[in-house]
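Worksheet: the structure to be examined is printed underneath.
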Amino acid sequence: MTLTIAESGRALRLERISAMADRVFGNHEKAQRWLRKPSRVLNQVPIDLLQSEAGATLVEDELNRIAYGIVA
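The sequence shown: position 34 = 27 (my numbering), numbered continuously.
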């Protein structure tokens, strides 16, 4: 099976953000719950934003705010 360029990009974004969320939350299950739960700050489910690099950047920014205790 071969992925399209778009599918490859999304898979790489998912892996990158998932690993970052694991580090931020210190637990894979907590990270996955956060990625699949609607976010008031993002006004969307974080994992849904990973369709684009711009959306992934928004999720990364929010994870950084959580990691550093910055309230949005």
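Beta carbons: idealized from backbone N, C-alpha and C, even for Gly.
Contact check for A24 against A14 passes: the beta carbons are separated by less than 7 Å. Taken through DSSP and simplified to helix, strand or coil, S45 comes out as coil.
Burial state of I40 is buried, judged by a 10 Å Cβ sphere holding 16 or more other Cβ atoms.
Within the DSSP bridge table, the entry for Q37 names S32 as partners. Taking 7 Å as the cut-off, the beta carbon of A49 is found closer than this to the beta carbon of R6.
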